[in-house]
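Colleague:
Chains as they are written, first to last, in our numbering: chain G, 0 to 113; chain S, 5 to 118.
1) Using a Cβ-Cβ cut-off of less than 9 Å, list which residues of the stretch 87-108 of chain G approach chain S; keep chain order.
2) The beta strand (DSSP E) spanning residue 69/G covers which residue range?
3) Could you pull the start and end residues of the beta strand (DSSP E) that residue 113/S belongs to?
4) Taking all protein chains shown into account, do 16 or more other C-beta atoms lie within 10 angstroms of the C-beta of residue 35/G, making it buried, or fewer, making it exposed?
5) Let me check one thing: in DSSP terms, what residues is residue 52/G bridge-paired to?
6) Roughly how far, in whole angstroms, is the beta-carbon of residue 91/G from the beta-carbon of residue 102/G, given that I think they are within contact range, below 8 Å?
7) List the residues that DSSP assigns as beta-bridge partners of residue 84/S.
8) DSSP beta-bridge partners for residue 56/S?
9) Expressed to the nearest angstrom, what Euclidean distance is found between the alpha-carbon atoms of residue 87/S and residue 52/S?
10) Is residue 89/S helix, strand or coil by DSSP?
11) Judging by CA-CA distance, which residue of 57/G, 29/G, 13/G is the nearest neighbour of residue 42/G?
12) Using the rule of at least 16 other Cβ atoms within 10 Å of the residue's Cβ for burial, across every protein chain shown, is residue 30/G buried or exposed?
13) Helix, strand or coil: how does DSSP classify residue 80/G here?
14) Taking 8 Å as the CB-CB cut-off, is residue 35/G touching chain S?
15) If contacts are defined as beta-carbon pairs under 8 Å, then residue 49/S and residue 89/G qualify, I think. What distance do you get, rounded to the angstrom?
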């Protein structure tokens with residue numbers, strides 16, 4: 000029973016297209032995140048939601064829009080895809096009082112823009 | 005601003021030997037948390053261990069221990085009795101509070117040699 004599931008696992012699309020990545024967690028966690036891992040393996044936070052409320056919004060182009068319909072789901076929509084958007088996108092979740100819990104990550108979505 | 009430094013891009017260790025992965029951090033906050041994550045070649049991110057800035061004892065989880073030296077701002081990961089399955093990328097990370105973003109270091113690639 001997957002704790003944090005992301006779909007799709009792979010996404011290949013052309014420049015200029017719009018695409019969405021979905022994330023769902025069944026851990027009962029209150030907080031969810033989107034991270035981007037570039038080709039050099041560097042991980043950078045993009046967004047964070049706590050109980051459907053946006054609490055972290057890093058310097059990310061407006062083409063990226065997160066949506067959290069409920070605390071178990073956090074989706075990422077990307078408009079007008081560019082070559083530089085190619086990366087692995089990770090969804091993660093954690094309980095409100097994270098303390099020694101750490102994040103639980105999804106398996107990642109490898110986005111390739113051609 | 006917080007920053008994580010991992011000065012070893014790549015490390016090799018003989019199977020069954022212990023290995024230390026270095027991590028130094030920079031923060032002006034008094035309260036913070038430190039984490040280590042493992043990313044095998046399959047790509048998933050796995051939480052290994054956590055250390056709170058006010059914890060007096062070094063954290064341990066099975067074969068993993070965190071050598072926390074607060075005055076030096078270092079949080080090195082020690083893996084005892086290395087196994088072939090320990091070959092992976094290891095990320096040091098930190099956050100200010102439960103709600104705050106976790107920032108990641110650039111990672112260290114560990115290869116365990118039979």
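All C-beta atoms, glycine included, are put in the ideal place defined by N, C-alpha and C.
Modeller: Here's the rundown:
1) Cβ contacts with chain S: 87, 89, 91, 93, 94, 95, 96, 97, 98, 99, 100, 101, 102, 103, 104, 105, 106, 107.
2) As a first step, residue 69/G is located in the first chain; it is residue number 70 there, counting from the start. Note, residue 69/G: beta strand (DSSP E), 63-69.
3) Along the second chain, one-based indexing puts residue 113/S at 109. Secondary structure note for residue 113/S: its beta strand (DSSP E) is the uninterrupted segment 112-117.
4) The residue given as residue 35/G occupies position 36 in the first chain. Looking at its Cβ environment, which holds 16 or more other Cβ atoms inside 10 Å, residue 35/G is buried.
5) Counted from its first residue, the first chain places residue 52/G at position 53. Looking at the DSSP assignment, residue 52/G forms a beta bridge with 49/G.
6) Within the first chain, residue 91/G is the residue found at index 92, counting from 1. Within the first chain, residue 102/G is the residue found at index 103, counting from 1. With a Cβ gap of about 4 Å, residue 91/G and residue 102/G count as contacting.
7) As a position in the second chain, residue 84/S is number 80, starting the count at 1. According to DSSP, residue 84/S bridges with nothing at all.
8) Residue mapping note: residue 56/S aligns to position 52 of the second chain, counting from 1. Assignment of beta-bridge partners to residue 56/S by DSSP yields 37/S.
9) On the second chain, position 83 is the one that residue 87/S refers to. On the second chain, position 48 is the one that residue 52/S refers to. Answer to the nearest angstrom: the Cα atoms are 15 Å apart.
10) Here residue 89/S refers to the residue found at position 85 of the second chain. Reduced to three states, the DSSP call for residue 89/S is helix.
11) For the purposes of this step, residue 42/G is taken as the residue at position 43 of the first chain. Comparing Cα positions, the closest option is 57/G.
12) The count along the first chain starts at 1 and reaches residue 30/G at position 31. Flag for residue 30/G reads buried.
13) The residue given as residue 80/G occupies position 81 in the first chain. Look at residue 80/G here: in three-state DSSP terms it is coil, with no helix or strand label.
14) Counted from its first residue, the first chain places residue 35/G at position 36. No, residue 35/G lies away from the interface with chain S (no Cβ there is under 8 Å from its Cβ).
15) Walking along the second chain from the start, residue 49/S turns up at place 45. Walking along the first chain from the start, residue 89/G turns up at place 90. Sure, about 6 Å apart at Cβ, within 8 Å.
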